[in-house]
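Numbering (the numbering used here), first residue to last: 940 to 1180.
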């Protein structure tokens, strides 16, 4: 096989682009087979690793989407394969069908041909990405062809319905400030203090400014917080990020 080319076919794609944001890999099925295999080819193994349960970030640019994360990168016009030198050479769009071709610029552990099918469900915010990769190389004068089939299903994760990733999901805002209460803190229904001339130990942190701070895994953000005692008086405490 002398042609270094990957063919990517996208079919049955619903109108519109997927919702950008965090997606969870609900299914990642990988099967390994052979098309041509000799005694010198060794054991058929694929470099792909199962990513089920992990998360990727989906971004949308000019109607095309791209998924990054869990050690992977693929999308509506991005080839996924072992050969990282694959580049798009042809594109063809007809209605809801999108196809494009990629060609390897370098021979990396042989050549590779891949076909991909994209099924997008806009109503459920789900994406199915199917791949068939055929990798060809020679060992001991024998042509070896490895075939890897993969089906990946992505499901959108709504930010406010993910308490594990949303650090502020367990607290409900009661005004322009949102309190993060430490263990042992009294109920916020106590009467407000009459005087703050004498303050006690800090028992809670109150976020200042943004009413609903939300942070996802891997994201870094800074918040202004104020330490308060059980009366609600401000306590001079170490700077907290």
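We put the beta carbon where it would ideally sit given N, CA and C, even for glycine.
Cβ-heavy atom distance, residue i to the ligand NAD, below 7 Å
i	result
residue 1096	Judged by which ligands are present, the structure shown has none, so any question about the ligand NAD falls away.
DSSP bridge partner residues for residue i (one or two, in chain order)
i	result
residue 964	1093
residue 990	Beta-bridge pairing links residue 990 to no other residue.
residue 985	Residue 985 pairs with nothing; no bridge assigned.
residue 978	For residue 978, which the question treats as bridged, DSSP gives no partner whatsoever.
residue 972	1086
residue 1081	1078
residue 1165	1145
Supposed close pair residue i, residue j - CB separation, criterion 8 Å
i	j	result
residue 1013	residue 1048	Wrong, their Cβ atoms sit about 20 Å apart, outside the cutoff.
residue 966	residue 991	6 Å
residue 1069	residue 1090	5 Å
residue 1053	residue 1018	6 Å
residue 1174	residue 1138	5 Å
Same chain, Cβ closer than 8 Å to residue i, neighbours up to 5 away in sequence not counted
i	result
residue 1051	943, 945, 1020, 1021, 1022, 1025, 1043, 1072, 1073, 1074, 1075
residue 1045	1022, 1024
residue 1096	960, 961, 962, 963, 994, 1104
residue 1132	Here the model assigns residue 1132 a pLDDT of 47, short of 50, so the residue's position is not dependable, and the following value carries that caveat. Excluding residues within five positions, the ones whose Cβ falls inside 8 Å are 1170, 1171, 1172.
residue 989	967, 969
Own chain residues within Cβ distance below 6 Å of residue i, not counting five before or after
i	result
residue 979	1078, 1079, 1081
residue 1067	1058, 1092
residue 970	1088
residue 1011	none
residue 972	1086
residue 985	971, 1087
residue 1135	1172
residue 968	1090
residue 1009	990, 993, 995
Cβ shell of residue i (< 7 Å), same chain only, five flanking positions each side left out
i	result
residue 1140	1168
residue 1007	995, 996
residue 974	1073, 1084, 1086
Does the structure place the segment 955-964 close enough to the segment 1073-1083 that three or more beta carbon pairs sit under 8 Å? no
Any chance the segment 1021-1029 sits against the segment 1054-1066, with 3 or more Cβ pairs inside 8 Å? no
Which runs of the beta strand (DSSP E), 3 residues or longer, sit entirely within the segment 998-1074? 1003-1008, 1011-1014, 1025-1033, 1036-1043, 1050-1060
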